[in-house]
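Student:
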Amino acid sequence: NAGVTQTPKFQVLKTGQSMTLQCAQDMNHNSMYWYRQDPGMGLRLIYYSASEGTTDKGEVPNGYNVSRLNKREFSLRLESAAPSQTSVYFCASGEQLDNEQFFGPGTRLTVL
Amino acid sequence: KNEVEQSPQNLTAQEGEFITINCSYSVGISALHWLQQHPGGGIVSLFMLSSGKKKHGRLIATINIQEKHSSLHITASHPRDSAVYICAVWGNQFYFGTGTSLTVIP
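These protein sequence lines are chains A and B, in that order. Numbered by the working numbering, the letters in the first sequence go through residues 935 to 1046 in order. Numbered by the working numbering, the letters in the second sequence go through residues 1119 to 1224 in order.
(1) Along the chain, where does the beta strand (DSSP E) that runs through B/L1129 open and close?
(2) Quick one: which residues of the stretch 1123–1145 of chain B get their C-beta closer than 8 Å to a C-beta of chain A? List them in chain order.
(3) If contact means a Cβ-Cβ distance below 8 Å, which residues of the stretch 1181–1210 of chain B contact chain A?
(4) Can you pull the chain D residues whose beta carbon is under 7 Å from the beta carbon of B/I1178, in chain order?
(5) Going by C-alpha to C-alpha distance, which of B/S1144, B/L1164, B/F1212, B/G1160 sits closest to B/I1183?
(6) Determine the direct distance from the alpha carbon of A/G997 to that of B/S1142, and round the result to whole angstroms.
(7) Using 8 Å for Cβ pairs, my map puts A/S965 next to A/S1027. What's the rounded Cβ distance?
(8) Distance, Cα to Cα, B/G1146 vs B/Q1211?
(9) Identify which residue in A/M953, A/L947, A/V946, A/Q959 has its Cα closest to the Cα of A/P1039.
(10) For the stretch 1156–1178 of chain B, list every residue whose C-beta sits within 8 Å of some C-beta in chain A, in sequence order.
(11) DSSP state of B/D1199, grouped into three classes?
(12) If we ignore side chains and look at the alpha-carbon of each, how far apart do A/V1000 and A/T1044 end up?
Next comes the structure, spelled out in C-alpha cells:
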C-alpha cells in the first residue's frame, strides 16, 4: 500500500519548456488535489478534483492544467514553464472533499 | 488577504514544556485541519475537526466556531515534535496558514 506517489522527485526546466507531474493514489479516494509550496507563502491550492471526471480551479490555477485520468491518477501539466513556477509541488488525496488528506512526498521543480 | 492566520510564526521550547499554536480564519468553514510537516518535507494530517476538541496522545486540538479560532496544544513536548505545524480550512476550497515552525530543545 504505497499511499500517494509522485513522479518525478526533482526536475529542472528551462523557461518555456513543458512537463507533466504525475500523481497516483491506491486508497480508492474520490478527491485529489495539487498544491504548490513557496517559502513564506504556505501551501496554495492549484487545482482539485472532487471525483473522477471533474476538476476545479483552486487559488492559483494560472499557468497550469490538470487531468483526472481515472480514479487513481491526477496529473499536473505546465505548458510553458516560467521562473515564477519554481516551487515544491504536492499532490494529496482524500475520501471526499474536506476530509482528511494524505500527501505525496512532493516534487521540487526549478525553472531557469 | 489571508484567509488563515497562524501564531506564532516561530516557537522554541524546552523539552517538557506545554505548547500552544493558534489559528484564526475569516471564511465560513465546514472543517478545520491541523497538519505536520517534518524537517524532510513530508506532510501528515494530525486532526480534522468541526467542533469541540480532539486528542491524540500528547496532542490536543480545539475549535471555537463562533470565534473562528482553533488551537493546537502539545503536552510534555519532545525534540521529535520539532516540525512545522500548519492550519488549513475548507471553505469553498482549502486555505492554509503559513505554518508555525516549532523547535524543541533537549
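Glycine residues also receive a C-beta, built at the ideal position from the N, C-alpha and C atoms.
Tutor: Once the coordinates are examined:
(1) 1128–1132
(2) Residues of the stretch 1123–1145 of chain B whose Cβ lies closer than 8 Å to any Cβ of chain A: none.
(3) With the criterion set as a beta carbon lying under 8 Å from some beta carbon of chain A, the members of the stretch 1181–1210 of chain B are I1204, A1206, W1208, in sequence order.
(4) Note that chain D does not occur in the displayed structure, where the protein chains are A and B.
(5) It is B/S1144.
(6) 30 Å
(7) 6 Å
(8) 11 Å
(9) A/Q959
(10) G1159, G1160, I1161, V1162, S1163, M1166
(11) Helix at B/D1199.
(12) 19 Å
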